[in-house]
Amino acid sequence: MIIKTSNFVISNTEMKKCPEPKIPEYAFIGRSNVGKSSLINMLTKRKSLAKISGQPGKTRLINHFIINNEWYLVDLPGYGYAKISKDQRNIWKGFIKEYLTKRENLVCTFVLIDVRLKPQKNDLDFMMEMALKSLPFVIVFTKADKISKVQLSNNLQIYRKTMLKSWEAMPIYFVSSAVKHAGREEILDYIEKLNASPVAEKIKARVY
Ligand code: GDP
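If you want my numbering, it's the position in the sequence shown, counting the first as 1, plus 46.
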């Protein structure tokens with residue numbers, strides 16, 4: 047997919063204030079500092095469309111961007127940041143949850159995972175919750191440039207083994223590096239494919 051235009055639309059904490067669900071949308075989520083903003087900027091070839099967070103856990107908003115006037119890219123708040131209070135975390139979990147379970151034009155969620163780390167409980171729990179609610183998602187392993195090829199393949203193998211303890215199959219996944227621009231074509235081609243799928247066609251054909 048060629049990205050011709052990418053523009054910020056709106057930030058908010060309420061699902062009802064999100065743009066009308068007339069076009070397909072794709073959400074990006076992950077632990078704070080996973081490289082989500084960097085990935086979004088890399089995908090859209092914009093230096094600072096998404097704000098690279100100096101302070102993890104700072105942006106707790108649902109951010110909508112419109113791409114090629116065809117689909118929404120949604121930057122969701124990072125989860126699992128220890129330094130914010132439990133109350134704050136619950137509210138935050140609340141609106142993310144509402145968005146993920148009720149947003150009718152959400153076609154697929156991209157769950158970002160730092161490929162350098164051992165499988166983390168909150169990522170595994172998050173994906174399990176998605177699966178239990180039948181919400182489609184894929185994984186993007188980030189920061190691949192930070193480790194060697196051998197380490198990368200070992201870490202992916204460890205992740206697969208861990209997931210297969212409780213999953214029937216490894217979910218679809220991509221490997222990315224915002225620094226090396228790796229994974230960009232694969233992720234965008236996947237979105238392009240989904241944009242042409244019956245689910246997306248149904249969203250576009252819906253009358254309001
Ligand atoms: P976010 O909190 O998930 O939005 O993460 P950011 O995009 O702000 O990235 C967190 C930190 O990781 C920043 O210092 C980025 O420069 C760095 N980073 C993000 N992606 C990559 C990557 O692919 N490779 C490398 N080497 N660093 C990255």
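Note that CB positions come from ideal geometry on N, CA and C, so glycine has one too. Remember, predicted model here, so these are calculated numbers, not experimental data.
Here the segment 234-251 lies against the segment 70-77, with 3 or more beta-carbon pairs under 8 Å apart.
If you check the C-beta of Ala251 against the ligand GDP, you find no heavy atom less than 6 Å away. The beta-bridge partner set that DSSP reports for Asn53 consists of Ile112. Only exposed fits Phe54, as fewer than 16 other CB atoms lie within 10 angstroms of its CB. If you check the C-beta of Lys179 against the ligand GDP, you find no heavy atom less than 6 Å away. Taken in chain order, the complete alpha helix (DSSP H) segments of 4 residues or longer contained in the segment 159-202 are 167-178.
Taking non-hydrogen atoms of the ligand GDP into account, the C-beta of Ser57 is found less than 6 Å away from none of them. Within the same chain, and ignoring the five residues on either side of His227 in sequence, the residues whose Cβ sits closer than 7 Å to its Cβ are Met88. Its Cα nearest to that of Ser180, the residue Pro217 stands out among Pro217, Ser243 and Thr51. In the DSSP assignment, Ile249 falls within the unbroken alpha helix (DSSP H) covering Pro244 to Ala251. In the pairwise beta carbon analysis, the segment 72-84 is classified as touching the segment 152-160: at least three pairs are separated by under 8 Å. Between the C-alpha atoms of Ala215 and Met209 there is a straight-line separation of about 8 Å.
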